[in-house]
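Colleague: Heads up: the sequence shown runs through residues 6 to 206, numbered per the working numbering.
Don't be surprised by glycine CBs; every beta carbon is placed ideally from N, CA and C.
The structure follows.
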Amino acid sequence: MSKTPDAFARLTDALKVLPNVGPKSAQRMAFHLLQHKRAEARELADALEHALKQVRHCRLCNTFTEHELCAVCADENRDPRRLMIVHMPADVAGMEAANCHDGLYFVLMGQVNPAQGIDLNGIALDRLTERLQNSDFDEIVIATNFTAEGYATAYVLAELLKPLPCKVSRLSRGIPLGGELEYVDAGTLAQAVYERRQVKD
Ligand SMILES: [Zn+2]
């Protein structure tokens, strides 16, 4: 039996870094790229290298950007007194598409996983704390998912925001239980923002 070439094994190993990709899927992907999609694989490698060089975190909201500030933070027409805290860049895109928030964002870049204990390393709490220290918000909207992870994250955020002299609100429950904002349609999302409920004065 021939040994798997080292380069193939290395690629398979590297692909296992992707979410939900185990050894078998990684092997299938590596085979597919090397056997059928060599030009596309080159493009994938180039795009990955380029993105790693170019993409960084916005100085204010922590989302991905190629500049010091993302387009939202750099937009002077946004309301600087309202902050919405979301999990992921995709949630910002969803809110923008739903056209229901004209303030600023903070992107946690993850969520707390209650199954692994309340591990706070998954979210950018340090950066959020820093952001809150340097600003003066009237209202902060917690816009986390309606999942176990989203609830756990919202709880941590509510505790963090308690001492602040501003209103804190959460999205209304128009979103189905277990719902991830990323997959909620624009109308439902907008309604959840408009009907948000205040959790702290
Ligand atoms: Zn930004």
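1) Could you tell me the alpha carbon to alpha carbon distance between D124 and L176, rounded to whole angstroms?
2) Can you list, in chain order, the residues of its chain whose CB lies under 6 angstroms from that of A31, leaving out five sequence neighbours each side?
3) Out of L133, Q196, V204 and D190, point me to the one whose CA is closest to G99's CA.
4) Less than 6 angstroms between C-beta atoms, sequence neighbours within five positions excluded: which residues of the same chain meet that for L133?
5) Which residues count as close to ligand 1 when the rule is a CB under 5 angstroms from any of its heavy atoms, in chain order?
6) Are the C-beta of P170 and some C-beta of chain B separated by less than 7 angstroms?
7) If contacts are defined as beta-carbon pairs under 8 angstroms, then A148 and D96 qualify, I think. What distance do you get, rounded to the angstrom?
8) With burial defined as no fewer than 16 other Cβ atoms inside 10 Å of the residue's Cβ, what is the status of Q203: buried or exposed?
9) If you count every other CB in all the chains shown that lies within 10 Å of the CB of F142, and 16 or more means buried, which is it?
10) Pick helix, strand or coil for H72, following the three-state DSSP scheme.
11) Tell me, which residues are paired with D84 by DSSP?
12) Could you round the C-beta distance between V117 and V161 to whole angstroms and report it? I think they count as a contact, below 8 angstroms.
13) Just mark H92 as buried or exposed, buried being the case when its beta carbon has 16 or more other beta carbons within 10 Å.
14) Taking the C-alpha atoms as reference points, what is the distance between A103 and K172?
15) Where Q121 and A153 are concerned, what is the direct C-alpha to C-alpha distance, given to the nearest angstrom?
16) The beta strand (DSSP E) that contains R175, what's its start and end?
17) How about A35 and F69: do their beta carbons lie closer than 7 angstroms?
18) For H55 and A44, I'd like the C-alpha separation in whole angstroms.
Modeller: So, from the data block:
1) Translated into positions along the sequence shown, residue 124 becomes position 119. Translated into positions along the sequence shown, residue 176 becomes position 171. C-alpha separation (whole angstroms): 23 angstroms.
2) Against the sequence shown, residue 31 aligns to sequence position 26. Only T17, L20 and K21 meet the Cβ criterion.
3) As a first step, residue 99 must be located in the sequence shown, where it is residue number 94. Cα-wise, what sits closest to G99 is D190.
4) What you label residue 133 is simply residue 128 of the sequence shown in a count that begins at 1. These residues qualify, in order along the chain: F111.
5) C63, L65, C66, C75 and C78
6) Of the chains in the structure shown, none is chain B; there is only one protein chain.
7) Against the sequence shown, residue 148 aligns to sequence position 143. Against the sequence shown, residue 96 aligns to sequence position 91. Their Cβ separation, rounded to whole angstroms, is 7 angstroms, which keeps A148 and D96 in contact under 8 angstroms.
8) Start at 1 with the first residue of the sequence shown, and residue 203 comes out as number 198. By the neighbour-count rule (16 or more Cβ atoms within 10 Å), Q203 is not buried but exposed.
9) In the sequence shown, residue 142 corresponds to position 137, counting from 1. F142 is buried by the Cβ-count criterion.
10) Residue mapping note: residue 72 aligns to position 67 of the sequence shown, counting from 1. Looking at H72 - three-state DSSP - the assignment turns out to be coil, as it is neither helix nor strand.
11) Locating residue 84 in the sequence shown gives position 79, counting from the first residue. Answer by DSSP bridge pairing, in chain order: G108.
12) By 1-based counting over the sequence shown, the position of residue 117 is 112. By 1-based counting over the sequence shown, the position of residue 161 is 156. About 6 angstroms separates the two Cβ atoms, so the contact holds.
13) As a position in the sequence shown, residue 92 is number 87, starting the count at 1. Result: buried.
14) Working through the sequence shown from its first residue, we reach residue 103 at position 98. Working through the sequence shown from its first residue, we reach residue 172 at position 167. Between A103 and K172, the C-alpha separation is close to 23 angstroms.
15) Taking the sequence shown and counting its residues from 1, one reaches residue 121 at position 116. Taking the sequence shown and counting its residues from 1, one reaches residue 153 at position 148. The alpha-carbon atoms of Q121 and A153 are separated by roughly 12 angstroms.
16) For the purposes of this step, residue 175 is taken as the residue at position 170 of the sequence shown. R175 -> beta strand (DSSP E) spans K172 to R175.
17) Here residue 35 is taken as the residue at index 30 of the sequence shown, counted from 1. Here residue 69 is taken as the residue at index 64 of the sequence shown, counted from 1. No, these two residues do not count as a Cβ contact at 7 angstroms.
18) For the purposes of this step, residue 55 is taken as residue 50 along the sequence shown, with counting starting at 1. For the purposes of this step, residue 44 is taken as residue 39 along the sequence shown, with counting starting at 1. Going by the C-alpha atoms only, they are around 17 angstroms apart.
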